[in-house]
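Worksheet for the structure shown next.
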Ligand SMILES: Cc1cc2nc3c(=O)[nH]c(=O)nc-3n(C[C@H](O)[C@H](O)[C@H](O)COP(=O)(O)OP(=O)(O)OC[C@H]3O[C@@H](n4cnc5c(N)ncnc54)[C@H](O)[C@@H]3O)c2cc1C
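Residue numbers (the working numbering): 1138 to 1462.
As structure tokens, then:
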């Protein structure tokens, strides 16, 4: 029982210290960053977590059925469990701080935050995740988790026998349509112009017999009071407004990795994901990255947590090799 171990009795929360050069600085407190923190603390690395919030995208997950040990858990409850586990360790926290710059200086790294703080460390794990692109239409924000979803892999089973729409024209959107067709009563695939997904995916979608393609529509509003009730569309060729009654709307128009603050330092791919190898190393020795912000495939909680563990163990190996006197 780690929590009862003498070594871990410094439970009091440490405040982030701008004077100290930490062994490890973790950017982001989602599943990847929180798991990395636990592994780092067990290796007795002096660790600082800097994050906008605790929980990340998992806070938006209505119900999680894919995290081992829980048959079903709400995203918020899972985050609470993660946080309780992390807070047992003597880790310093700077929550509510957004990293705006990450740079290298001498043998160490430094971050600047939107709150005007500056922290330094010998190693860094970037675990800043990503954010779904939103439609920015009325109703969308208020109905997130109440029928508006950005993750069909996660939420499709919650829409059994309902009529749903998927907004988006690429492979991720058509993949979502396919996943949803196993559960939903009817799936509308709504695109502004034409479907741009691979033909094989389109054919598979058509074979489900459950999908209706609506091409040439702009989204005006996601309608609903307590939950999604429908989608208001405008037909582009004649401006006719159409109301589609629905139980769910899946927005699949891409996601943006939160990697801007690191773009001058680490290598990104064309989607702005941080390039990592299978040890979570970036191109810069001493900087590691884990979870949804990276090129590692499959953006899921359990994958992000596993990658966070790997990143912390890699950072520890690097720290011992380079900095341990
Ligand atoms: C609506 C929704 C439902 C989902 N449902 C499921 C599900 O059921 N099952 C499943 O396995 N997966 C699900 N996912 C996917 C899952 O949430 C992600 O794969 C996972 O959270 C990724 O973890 P992460 O730690 O890499 O990043 P994130 O969860 O994105 O966390 C990133 C952290 O970094 C912080 N941060 C971002 N930028 C900065 C910055 N500049 N400075 C400081 N901090 C920063 C954020 O505040 C956050 O704390 C869902 C995703 C969404 C959006």
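Here a beta-carbon is modelled for each residue, glycine too, at the ideal position from N, C-alpha and C.
In this structure, the CA atom of residue 1428 is about 43 Å from the CA atom of residue 1377. Rounded to whole angstroms, the Cβ separation of residue 1452 and residue 1231 is 18 Å, and the two are not in contact under 8 Å. For the pair residue 1268 and residue 1261, the Cα-to-Cα distance works out to about 21 Å.
By the neighbour-count criterion, in which a residue is buried when 16 or more other Cβ atoms sit within 10 angstroms of its Cβ, residue 1290 is exposed. For the pair residue 1235 and residue 1274, the CB atoms are not nearer than the 8 Å cut-off. Looking only at 1361, 1204, 1327, the smallest Cα-Cα distance to residue 1372 is reached by 1327. Of the candidates 1278, 1264, 1305, 1305 places its Cα closest to the Cα of residue 1389. Taking residue 1222 as reference, the option from 1202, 1199, 1166 with the minimal CA-CA separation is 1166. With a cut-off of 8 Å on Cβ pairs, the region 1151-1168 is in contact with the region 1436-1448, counting three or more such pairs. Taking non-hydrogen atoms of ligand 1 into account, the C-beta of residue 1194 is found less than 7 Å away from one of them. When C-beta atoms of the region 1180-1189 are compared with those of the region 1243-1260, three or more pairs fall below 8 Å, so the two segments count as touching. For residue 1198, the shortest C-beta to heavy atom distance toward ligand 1 is below 7 Å. Its chain contains 1239, 1263, 1411 as the residues whose beta carbon lies nearer than 7 Å to that of residue 1399, once the 5 sequence neighbours on both sides are disregarded; these appear in chain order.
Following the DSSP letters along the chain, one finds residue 1295 in no beta strand (DSSP E), marked with neither H nor E.
Annotation for residue 1347: 1318, 1321, 1322, 1323, 1324 place their beta carbon closer than 8 Å to its own, counting only its chain and skipping 5 residues before and after.
Scanning the region 1296-1377 from its first residue to its last, the whole alpha helix (DSSP H) runs of 4-plus residues come out as 1308-1318, 1336-1344. In the three-state DSSP reduction, residue 1258 falls in the strand class (E or B).
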